[in-house]
Amino acid sequence: MRALYEWCVDNGFTPYLSVFVDTVTNVPMEYVRDGEIVLNVGPLATSRMSMGNETIEFTARFAGVARELSIPVARVAAIYARENGQGMSFDVAGVSDPASDGAEGQVKPSEAVSPGSDEPSPPPKPGKPVLRRVK
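For the sequence shown, the working numbering gives the first residue as 104, with consecutive numbering after it.
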């Protein structure tokens with residue numbers, strides 16, 4: 104995850120995290136939709152960023168108010184570049200995806216939309232990571 108974050112920053116892209124929220128995830132709950140939040144984690148949007156092996160912690164402003172966020176790495180569903188959608192998704196163990204068919208611990212990919220297109224991309228090949236773009 105750190106490597107993808109650094110790749111985004113080094114190439115001038117804005118890194119975004121898609122996070123499944125539960126009781127151990129410390130994020131502003133008023134911005135959570137369907138149990139998920141998407142966060143801009145770029146250097147201009149955050150301060151005191153710490154990406155550890157277990158937890159991602161940083162300070163970010165929401166409606167002008169600085170908030171301390173703490174996200175377990177196990178709850179990160181994807182990290183991707185906002186500008187081109189390139190990144191990686193992760194299996195979020197123990198989290199039920201509202202769009203899933205009830206299989207706990209498995210994130211069911213939704214139809215991804217290619218950048219610059221309103222048409223869904225073809226279904227992914229089995230076994231390959233899938234990035235679900237969340238707008």
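For glycine and all other residues, C-beta sits at the position ideal for the given N, C-alpha and C.
Only residues of its own chain outside the window of five on either side were considered, and among them Y108, C111, V112, V144, G145, I182 and A184 have a CB closer than 7 Å to the CB of P118, listed in chain order. A straight line joining the alpha-carbon of D194 with that of V179 spans about 9 Å. Apart from the 5 residues on each side of it in sequence, R151 sits with its Cβ closer than 8 Å to the Cβ of E160, F161 and T162 in its chain, given in chain order. The beta carbon of I140 lies closer than 6 Å to those of V122, V124, V130 and Y134 in the same chain, with the five residues before and after it left out. A106 and G190 have their C-alpha atoms spaced approximately 11 Å apart. The three-state secondary structure of E109, taken from DSSP, is helix.
Minimum Cα-Cα distance from V176 among the listed residues V168, R164, M154 and G167 corresponds to M154. Boundaries of the beta strand (DSSP E) around N143: E139 to N143.
Shown here, A177 sits in a helix according to DSSP, grouped into three states. Counting along the chain, no beta strand (DSSP E) covers P146, and no H or E run does either.
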